[in-house]
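For the sequence shown, counting from 1, position 60 maps to 60 in the UniProt record's numbering; every step adds exactly one.
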Amino acid sequence: MNKPTVQDIFRHFYTAYLEKYSPSPEQAKTARNILNCKTGAYGANISVCEDCGAVQIHYNSCRNRCCPMCQAVPKEMWMDARREDVLDAPYFHLVFTVPDILNPVIYSNQKLLYDTLYHAASATIQELTSDPKHLGASVGYICILHTWGSEMNFHPHIHMILLGGGLTPKNEWKDNGTEFFLPIWAISKVFRGKYMDELKNLWNTDQLEFHGTAEKYRNHYEFKELIDSCYDTEWVPYCKKTFNGAQSVIDYLGKYTHRIAISNHRIIHMDDENVTFSVKDYRKEGQWKELTISGIEFIRRFLMHVPPRRFVR
Numbered sequence: 001m002n003k004p005t006v007q008d009i010f011r012h013f014y015t016a017y018l019e020k021y022s023p024s025p026e027q028a029k030t031a032r033n034i035l036n037c038k039t040g041a042y043g044a045n046i047s048v049c050e051d052c053g054a055v056q057i058h059y060n061s062c063r064n065r066c067c068p069m070c071q072a073v074p075k076e077m078w079m080d081a082r083r084e085d086v087l088d089a090p091y092f093h094l095v096f097t098v099p100d101i102l103n104p105v106i107y108s109n110q111k112l113l114y115d116t117l118y119h120a121a122s123a124t125i126q127e128l129t130s131d132p133k134h135l136g137a138s139v140g141y142i143c144i145l146h147t148w149g150s151e152m153n154f155h156p157h158i159h160m161i162l163l164g165g166g167l168t169p170k171n172e173w174k175d176n177g178t179e180f181f182l183p184i185w186a187i188s189k190v191f192r193g194k195y196m197d198e199l200k201n202l203w204n205t206d207q208l209e210f211h212g213t214a215e216k217y218r219n220h221y222e223f224k225e226l227i228d229s230c231y232d233t234e235w236v237p238y239c240k241k242t243f244n245g246a247q248s249v250i251d252y253l254g255k256y257t258h259r260i261a262i263s264n265h266r267i268i269h270m271d272d273e274n275v276t277f278s279v280k281d282y283r284k285e286g287q288w289k290e291l292t293i294s295g296i297e298f299i300r301r302f303l304m305h306v307p308p309r310r311f312v313r
């Protein structure tokens, strides 16, 4: 028996999911696309062998950016477009995260606060790398937003691929070899300050919305307590080891650019009630283990990571 796919899970459980939850228009569109992908609903192409006359029908894909069957071609096109942007020099992989206590507010304001993640991460790197104490140069980087953890829990974070050198004000190249040149404590402090400044400004200008478990933060005192807790929490960005060469950078980027909350190869089993899939246990150095949840909960978690309309990750 073939392993189940995300499409199989939606076919089996989506009707029951709708009895319990009300998806947003963008989530509902994604669900429809996944259900109809490569079924003939979006048309088909027909190829005919010139030698034997054999006919083969190829059903069109949905092209939804959250569909696990539709990422290979966009990924290759994106990687090809980036080849001219990548230098044959050292690069570093940084990850910027925020405290979990902010998750309800972020989920209620996805476009605004995803943008804030990008702004804060970019401004942090620009400020620190331009400082002569660290590098004193203008560097290049690529940012990619992911909103999930291994269990499809809500975990917004930025992956940044940072060039290990840049141009000085005199337009001269400067690097620090293969050694990472920014103190992690400085990244943490500056990133927290920039993110919190923008968050407070959004609050002060009444741009934030509060739904579900974030409802209580409409209250000024509750929101202030949240802000204080964030300042009392250690923010933990980290740097993964370096890699060299333009092609290795492109290959590495390809792992992140068109990744979605879960791919088909991680799904192990499905029955009438539950879905079992593989997850990483970070308490055990990222070892793989199996997790079983209800099919309805699987769809709820999957659809949490559908980005807002026209939002570019």
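Positions of the beta carbon are idealized from the N, C-alpha and C atoms, including for glycine. Computed from a prediction, not measured in an experiment: that's the story for all the values here.
- Message: Comparing C-alpha positions only, which one of Thr-124, Ile-106 and Pro-90 sits nearest to Pro-307?
- Response: Ile-106
- Let me know the secondary structure DSSP gives Trp-185 once reduced to three states. helix
- When burial is assigned at 16 or more other CB atoms within 10 Å of the CB, is Ala-81 buried or exposed? exposed
- Message: Just to confirm the assignment: which complete alpha helix (DSSP H) runs, minimum length 4, are found wholly within the region 220–265?
- Response: 220–232 and 246–257
- What are the residues that DSSP puts in a beta bridge with Ser-294? Asn-274
- Hey, how far is the Cα of Cys-70 from the Cα of Asn-219? 43 Å
- Environment of Phe-311 [buried if 16+ CB atoms lie within 10 Å]: exposed
- Message: Just list the residues that DSSP pairs Pro-97 with in beta bridges.
- Response: Going by the sequence as given, residue 97 is Thr instead of Pro. According to DSSP, Thr-97 bridges with His-157.
- Item | Residue range of the unbroken beta strand (DSSP E) whose run includes Leu-35 | First-last for Leu-35: 25–36, but that is the alpha helix (DSSP H), not the beta strand (DSSP E).
- Message: Quick check on the DSSP output: the beta strand (DSSP E) that includes Asp-175 runs from which residue to which?
- Response: 173–175
- Item | Classification of Ala-120 by the beta-carbon crowding that lies within 10 angstroms, buried from 16 upward | buried
- Task: For Asn-2, name the three-state secondary structure that DSSP assigns.
- Result: coil
- Using DSSP with H/G/I as helix, E/B as strand and the rest coil, what is Ser-61? coil
- Report the rounded CA-to-CA distance for His-146 versus Thr-124, giving the unit in angstroms. 19 Å
- Message: Considering Cα atoms alone, identify which of Asn-2, Gln-7 and Pro-104 is closest to Lys-216.
- Response: Pro-104
- Item | For Trp-203: DSSP bridge partner residues | None; Trp-203 has no bridge partner.
- Based on Cα-Cα distance, which residue from Gly-254, Pro-68 and His-265 lies nearest to Met-77? Gly-254
- Since Ala-44 sits in a beta bridge, which residues does DSSP pair it with? Tyr-59
- Query: Does the distance from the C-beta atom of Gly-166 to that of Ala-137 stay below 7 Å?
  - Reply: yes
- Residue closest to Glu-209, alpha-carbon to alpha-carbon, out of Asn-109, Met-304 and Leu-182: Asn-109
- For Thr-30, which residues from the same chain have a beta carbon less than 6 Å from its beta carbon, with the 5 sequence-adjacent residues on both sides left out? Asn-64, Cys-66 and Val-306
- What span of residues does the beta strand (DSSP E) with Ser-138 cover, start to end? 138–148
- Task: Compute the Euclidean distance between the alpha carbons of Phe-10 and Phe-96, then round it to the nearest angstrom.
- Result: 32 Å
- Message: In this structure, how does DSSP classify Asp-85 when only helix, strand and coil are distinguished?
- Response: coil
- Query: In its own chain, which residues sit with a C-beta less than 6 Å from the C-beta of Val-249, not counting the 5 before and 5 after it?
  - Reply: Val-86 and Tyr-91
- Assign His-269 to one of three DSSP states: helix, strand, or coil. strand
- Leu-117 beta carbon less than 7 Å from that of Leu-162: no
- Task: Under the assumption that His-159 contacts Tyr-256 (Cβ atoms under 8 Å), give the Cβ distance between them as a whole number of angstroms.
- Result: 5 Å
- Item | Residue burial classification, Asn-171 (beta-carbon count within 10 angstroms, cutoff 16) | exposed
- So what does DSSP say about Gln-287, is it helix, strand or coil? strand
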